[in-house]
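Taking it in order: structure first as structure tokens, then the write-up.
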Amino acid sequence: MGWNLLMNGLHIRRVVLDKDASSYALTRQILAGLPGVPVHSSGLDPHLFDGEPGKETLHLQHYKGDFLKPCPGTREYICCGYQILNLAANCPLDCSYCILQSYFVNQPSLRVFVNLEEQLPDVLQVIDSQPGRIFRVGTGEFTDSLALDPMTHWSDMLLPQFSRRKNAILELKTKTTRISRVLASGYRDRIILSWSLNGPWISAKEEKGAASIEKRVEAARQCQSEGFILGFHFDPLVPYPGWRDDYARTVELLDRRIDPGRIIWISMGSFRFMPALKPIIRRRHPTSGVLNGEFIIGLDGKMRYFKPIRIELYHVIRHLLEAWHPDLGLYLCMESDEVWRSSMGWSPKTSSGLREYLDQRVVKFFNGTGQPA
Ligand code: SF4
């Protein structure tokens, strides 16, 4: 069985350490938190441990690319102009629908970029050099923002820096309840804690390793009561028998626990994927139901539900949410003007229109002016 460390729900069986990653403070801190876990030098064949989930191998790397990058939207759909702070690649959770399974098919390990502290000044310099622009930054695109926080302590490094900037917000998006470090931090301004939500049935069946919807909403309630502004993401929406009642249950839960007046935005996105993901889901998650449905190939080459199905999904969830509160900053992720109009009753028309709408939410919630202090 080998070594297996269970730390706050994280199972790390081994560490692979690149030569140029060994001198970093983050490397030392992570290794100090993993006593007894064997450390291998890099060059290890990633398939050496076939049969075991690669997610139990932690690979500490020196990342040579840019840490801050625009979210890879496509011209064909309206996208929100989000910026991604690239801290890691891959995720310890194992959602059946996760797109990362096809992105990192040849690098199944959990990669953490240990030179973040060294590169952070460059990221902040990019933000500070454009004071008239609002940077909406998230860390949850290529990993879950908080799943690794008990081990990496990313929030200790990032919250103080983003909290003091007047033209940026940092959104930490998660499906976990690993909130202890953010709660202890004392930083609230310009920090958004977000949870990805779904119907309880989809969550239980398709989101392996994630907290239940009930536990996520409870963690969100706790963070809101401690002064954080919240966001939610209903993504990926999946239609299945009983989906309307199931999503209604999630909205009822929000209604019981969360103050809607302190939610900056709620996004909706329907399940979409590159065709290469399909055989991976079939192989890794043989009992998954996410591939049951009518898909077409979208303008961006991704498979997505037939348009009337997407419109119905958004329309139903929108009405559930608006019946709860009329001003939740609802928006669609990667959809067309036509789908916006049919399901939401309005459209930002273009990506810059959506950026403006979300920037105004930032100004409203954080009293920002778009100008640095
Ligand atoms: S939480 Fe997000 S990144 Fe992690 S496995 Fe699920 S979909 Fe992928």
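Sequential numbering from 710 applies to the sequence shown in this note's numbering.
Here a beta-carbon is modelled for each residue, glycine too, at the ideal position from N, C-alpha and C.
Quick one: is the Cβ of residue i within less than 7 Å of any heavy atom of the ligand SF4?
| i | result |
| --- | --- |
| E916 | yes |
| L986 | no |
| K884 | yes |
| A919 | yes |
| D803 | yes |
| C788 | no |
| C800 | yes |
| T959 | no |
| T1068 | First, the residue type needs correcting, since residue 1068 is Asp and not Thr in the sequence shown. No, the Cβ of D1068 stays beyond 7 Å of every heavy atom of the ligand SF4. |
| C780 | no |
| L809 | yes |
| T852 | yes |
If you follow the beta strand (DSSP E) that residue i is in, where does it begin and where does it stop?
| i | result |
| --- | --- |
| R1013 | 1012-1014 |
| Q792 | 792-794 |
| S750 | 748-750 |
| V724 | 723-726 |
| I972 | 972-979 |
| L769 | 766-770 |
| K778 | 777-779 |
| R992 | Not the beta strand (DSSP E): R992 falls in the alpha helix (DSSP H), residues 986-993. |
| I922 | Counting along the chain, I922 falls outside any beta strand (DSSP E), though it belongs to the alpha helix (DSSP H) covering 922-934. |
How many Å lie between residue i and residue j at the Cα?
| i | j | result |
| --- | --- | --- |
| R971 | S731 | 42 Å |
| S750 | L1063 | 46 Å |
| Y1055 | K882 | With the sequence shown as reference, residue 1055 is identified as Trp, and Tyr is not the correct amino acid for it. Taking the straight line joining both Cα atoms gives about 26 Å. |
| A913 | S921 | 7 Å |
| Y949 | I975 | 22 Å |
| Y786 | E1044 | 5 Å |
| D1046 | K1058 | 5 Å |
| R1070 | Y733 | 37 Å |
| P747 | W904 | 33 Å |
| N876 | S934 | 25 Å |
| G782 | Q792 | 11 Å |
| T736 | D729 | 11 Å |
| G1007 | F982 | 10 Å |
| F1075 | D1068 | 11 Å |
| F1015 | I911 | 20 Å |
| M1048 | I1020 | The amino acid at residue 1048 is misidentified as Met; the sequence shows Val. Looking at the two C-alpha atoms, the distance is approximately 6 Å. |
| D759 | E765 | In this prediction, D759 has a pLDDT of 49, which is less than 50 and means its spatial position is unreliable; what the coordinates show is noted afterwards. Near 12 Å, if we compare the C-alpha coordinates of E765 and D759. |
| P1017 | G1002 | 12 Å |
| D803 | T886 | 16 Å |
| P1081 | K884 | Confidence is the limiting factor: at P1081 the pLDDT is only 39, short of 50, which leaves the residue's position unreliable, though a coordinate-based value still follows. Straight-line Cα distance between these residues: approximately 32 Å. |
| L986 | F844 | 31 Å |
| S805 | L1022 | 20 Å |
| R993 | Q870 | 39 Å |
| V724 | D853 | 19 Å |
Please classify residue i: is it buried, with 16 or more other beta-carbons within 10 angstroms of its beta-carbon, or exposed?
| i | result |
| --- | --- |
| Q834 | exposed |
| F813 | buried |
| R991 | exposed |
| H720 | exposed |
| E916 | buried |
| R842 | exposed |
| Q839 | exposed |
| E850 | buried |
| G1079 | Its pLDDT being 40, under 50, G1079 is placed unreliably in this model, and the coordinates cannot settle the point. |
| R784 | exposed |
| G936 | exposed |
| G951 | exposed |
| S1061 | exposed |
| R965 | exposed |
| M1053 | buried |
| K773 | exposed |
Under the DSSP definition of a beta bridge, which residues are partnered with residue i?
| i | result |
| --- | --- |
| S903 | K882, G940 |
| I787 | E1044 |
| T848 | T848 pairs with nothing; no bridge assigned. |
| E916 | C804 |
| V821 | L769, A797 |
| F871 | None, per the DSSP bridge assignment. |
| I1006 | M1012 |
| L946 | S979 |
| A877 | F844 |
| L1039 | I975 |
By the DSSP assignment, the alpha helix (DSSP H) with residue i in it spans what residues?
| i | result |
| --- | --- |
| W1055 | Note, W1055: premise wrong, no alpha helix (DSSP H); not H, not E. |
| L740 | 734-741 |
| A730 | A730 -> no alpha helix (DSSP H), and no H or E assigned at all. |
| L963 | 952-966 |
| P859 | 858-861 |
| R890 | 889-894 |
| L809 | 809-812 |
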